[in-house]
Structure formats: C-alpha cells, structure tokens
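Just so you know, the protein sequences line up as chains X and E, in that order.
For the first sequence, counting from 1, position 66 maps to 154 in this note's numbering; every step adds exactly one.
For the second sequence, counting from 1, position 43 maps to 131 in this note's numbering; every step adds exactly one.
Only one structure is covered here, and it is reproduced in the block below.
Protein chains: 2
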Amino acid sequence: MFTIGDLSTKTGVSTEAIRYYERIGLIPEPQRADNGYRVYAEADVERLHFIRRARTLDIALDEIEEILAFRERNEPPCSHVMRVMERRIEEIEHRIRDLQRMRDEIQHLHEAGKQLPEDVQMKSCVCHLIQTGIREEVTNNG
Amino acid sequence: MFTIGDLSTKTGVSTEAIRYYERIGLIPEPQRADNGYRVYAEADVERLHFIRRARTLDIALDEIEEILAFRERNEPPCSHVMRVMERRIEEIEHRIRDLQRMRDEIQHLHEAGKQLPEDVQMKSCVCHLIQTGIREEVTNNG
DNA sequence: ACTTGACCTTGTAGTGACTACAAGGTGTAG
DNA sequence: CTACACCTTGTAGTCACTACAAGGTCAAGT
Chain X
89 MFTIGDLSTK
99 TGVSTEAIRY
109 YERIGLIPEP
119 QRADNGYRVY
129 AEADVERLHF
139 IRRARTLDIA
149 LDEIEEILAF
159 RERNEPPCSH
169 VMRVMERRIE
179 EIEHRIRDLQ
189 RMRDEIQHLH
199 EAGKQLPEDV
209 QMKSCVCHLI
219 QTGIREEVTN
229 NG
Chain E
89 MFTIGDLSTK
99 TGVSTEAIRY
109 YERIGLIPEP
119 QRADNGYRVY
129 AEADVERLHF
139 IRRARTLDIA
149 LDEIEEILAF
159 RERNEPPCSH
169 VMRVMERRIE
179 EIEHRIRDLQ
189 RMRDEIQHLH
199 EAGKQLPEDV
209 QMKSCVCHLI
219 QTGIREEVTN
229 NG
C-alpha cells in the first residue's frame, strides 16, 4: 500500500504526471485512506512501470491506453503491440532522416556563413542564407 | 500592400499562425485598412520568410525573436546566429543518437517478441518486455 | 439589388504531455 | 508547539500552433 509520493519514487513518474494519468483515465482511480490520500497497490506500480517504459519509447498515451485496454477485455494485446512497434520503428527512422537533413542544411549554412561578413540589415550575411536557403545564394554569386 | 490571406499565400504560413506571431510580438502589428483588415508590406513578407525558414530548422520562436531584435537595435546578429546554429547542430545530433538508441531498442524488443507467445496477463510476452526491458528477460531465461 | 461563399475580424479553447502554481489539510520529527 | 514535507483539488501555463464561434466585408454571379 503506497501513497502517491511512494508510487512516484518507485516508478520515477512525478506525482503530477500520476494525477494527470488518472484524470485522463490512463490509470484507475485508487482507493483513498481516511485522510483522503490516494492509496496504491503493487498492480498500480506495475501498470505505471509499463506506462513509463512505453513513454521512453515515445509511444503516445492514447496508444498505451489502447494496449492496456486489451488486458481489461481479457484479450492478449501482443500482436497489436508488435504492430505499434513496427509503426514506431518507421516513424523513428523517418524522423532520423528529417533530422539528418536538417543538420546537414544547418552545417552548410554555417560553413557558408563563415565566409560572409556581418550585416545589420541581414541582407548579405548568414541570416540572409537562413531566409532564402543556400541554393539561391550560390546562384546570386554566379 | 497585402491582406493576411495574401501574406499567407506568399509565405506558406497560415493566417492563424500569422495572427499568433503578432500576438506574441514576433511580428509587428500591421496597418489597418478602413474595413479593419490587416495591411501588410513587402518587409513583412521578408520577415515571415525568415521566420518560416528558421522554423523549418526547428529554431524556437523565442530564439528567432532574439535574432530579429538585433536588427531592431542596429546590431548585426550574425555571430549570434552562428552560435544558434552550432547549438542546433549539437541538439540535432544528440536527438539523432537518442532516436537511434530508441529504434534499436524497439527492434530488439520486436525481434524477441516474435519468439514469445501471446499472454492476456502481459506477463510472459512482448508487453512484459516493454515493461521491464529486454535485459531482465534474458536474465530470467538464464 | 440580392445571394453566396470566400475572406476578414476578435476572442477563446483545444491539442499532447506534461508542469507549476494557489490555497488549504495532514503527519511527524524535533 | 513548530516547521517542513507531504497530501488534496482546481486551475493555468508551457510550446507552437490549430480550430472553432460569432459576426462583419467583399465581389462575382444571378
């Protein structure tokens, strides 16, 4: 039997996030002690461990809720979870590619910016490159 | 002289985002026509082009505001911008590494999950792996 | 001239996943 | 008793938008 602070310590989830999860229905409303404090059981610890671990994998809360709902319906969620994972892998790989492109572009801008003077009007300097992209600058120099 | 819709079309920024930017002070309040409509000039187009391009590089709005404030103070923002870019490159690289770790972990979980049965109690299946991580599962098998 | 639909206005609330108060009650070590 | 950490509920804020609601304006088509 734990208070919300105990649960927070055990799971690494803030008390505020726990209350938030209860509010959105991700975790059940717990029993209350005579003083009105929430009282949690070991099953709540396990549920929050699952939630927290899934969150570190950037699985959305509504997705997590859906997975947990399988158990409540006495259905095994596993193939559903496998599909969630497959989607996550794709999303992550897509995001990595986006970020790599972004990084490459900033690096190009940064390298080009080293050759340019400073300009308070932001017309012939690195800031102008941000505005127009690097391709147009090359054209103007040609 | 443009309406907000014209400005939106020219810059690819939604009218709603333009009003939002005005509200938070990122762009100046424009003149108004007799009918109360906002009236924008070419300088506003350029400013929004800069903002939009910086946003595609995931530069935060308050950071963008800071860059644009240099011009208003008649200071060249360029070395500041170069530092912003350097930080962005680091942040992006850090995020890429995080995502790569995350993807690798999900792939491991997914591979391991193929060998496991389905379990409505989520105790001996891939869902349990999510909760505990894969290392502990391997230990239990040993 | 009227109609209609696209555009404009302001104000407000919602998104997702939290986080941070404010105001007040409870428990316990010192 | 005091002080401080913990608890409660309720609300608002973060970030970068997005999406209404309610009402005004414009102009092409009838």
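Using N, Cα and C, we set each Cβ at its ideal position, and we do this for glycine too.
Please look up how many angstroms separate the CB atoms of residue i and residue j, rounded, as I've assumed it's under 8 angstroms.
i, j, result
"residue 176 of chain E", "residue 147 of chain E", "6 angstroms"
"residue 101 of chain E", "residue 140 of chain E", "5 angstroms"
"residue 201 of chain X", "residue 170 of chain E", "6 angstroms"
"residue 208 of chain X", "residue 162 of chain E", "5 angstroms"
"residue 187 of chain E", "residue 180 of chain X", "5 angstroms"
Since residue i meets chain E, which of its residues come closer than 8 angstroms, beta carbon to beta carbon?
i, result
"residue 149 of chain X", "Residues of chain E passing the Cβ test: none, with the nearest at roughly 14 angstroms."
"residue 154 of chain X", "By Cβ distance, chain E contributes nothing, its closest Cβ being about 12 angstroms from residue 154 of chain X, past 8 angstroms."
"residue 203 of chain X", "Those within 8 angstroms of residue 203 of chain X in chain E number zero; the least Cβ separation is about 12 angstroms."
"residue 134 of chain X", "219"
"residue 167 of chain X", "206"
Please compile the residues from chain X whose C-beta is within a distance smaller than 8 angstroms of the C-beta of residue i.
i, result
"residue 198 of chain E", "170, 173, 174 and 177"
"residue 138 of chain E", "210, 215, 218 and 219"
"residue 141 of chain E", "218, 219, 220 and 221"
Taking the alpha-carbon positions, what's the residue i to residue j distance?
i, j, result
"residue 198 of chain X", "residue 178 of chain E", "13 angstroms"
"residue 106 of chain X", "residue 119 of chain E", "48 angstroms"
"residue 135 of chain X", "residue 193 of chain X", "42 angstroms"
"residue 130 of chain X", "residue 92 of chain X", "12 angstroms"
"residue 167 of chain E", "residue 217 of chain X", "14 angstroms"
"residue 228 of chain X", "residue 214 of chain E", "Residue confidence is low: residue 228 of chain X scores 43 on pLDDT, short of 50, so the model does not pin down where it sits. No coordinate-derived value is stated."
"residue 108 of chain E", "residue 116 of chain E", "11 angstroms"
"residue 212 of chain E", "residue 206 of chain E", "8 angstroms"
"residue 160 of chain E", "residue 154 of chain E", "10 angstroms"
"residue 185 of chain X", "residue 110 of chain X", "36 angstroms"
"residue 196 of chain X", "residue 125 of chain X", "57 angstroms"
"residue 103 of chain X", "residue 150 of chain E", "30 angstroms"
"residue 220 of chain X", "residue 123 of chain E", "34 angstroms"
Assign residue i to one of two classes, buried (16 or more other C-beta atoms within 10 Å of its C-beta) or exposed (fewer than that).
i, result
"residue 210 of chain X", "buried"
"residue 189 of chain X", "exposed"
"residue 165 of chain X", "buried"
"residue 157 of chain X", "exposed"
"residue 121 of chain X", "exposed"
"residue 203 of chain X", "exposed"
"residue 191 of chain X", "buried"
"residue 94 of chain E", "exposed"
"residue 144 of chain E", "exposed"
"residue 128 of chain E", "buried"
"residue 97 of chain X", "exposed"
Under 7 angstroms Cβ-Cβ, which residues of chain E neighbour residue i?
i, result
"residue 208 of chain X", "159, 162, 163 and 164"
"residue 190 of chain X", "145, 146 and 180"
Under 7 angstroms between beta-carbons, which chain X residues line up against residue i? List them in chain order, please.
i, result
"residue 187 of chain E", "180, 183 and 184"
Give the interface partners of residue i over in chain X, defined as CB-CB distance under 9 angstroms, in chain order.
i, result
"residue 193 of chain E", "144 and 145"
- Query: At which residue ranges does the segment 169-194 of chain X contain complete beta strand (DSSP E) runs of 3 or more residues, listed in the order of the chain?
  - Reply: none
- Message: Give the list of continuous alpha helix (DSSP H) stretches no shorter than 4 residues that lie fully inside the segment 139-173 of chain X.
- Response: 149-160
- Message: At 4 residues or longer, what runs of the alpha helix (DSSP H) sit wholly inside the segment 91-138 of chain E?
- Response: 92-99 and 103-111
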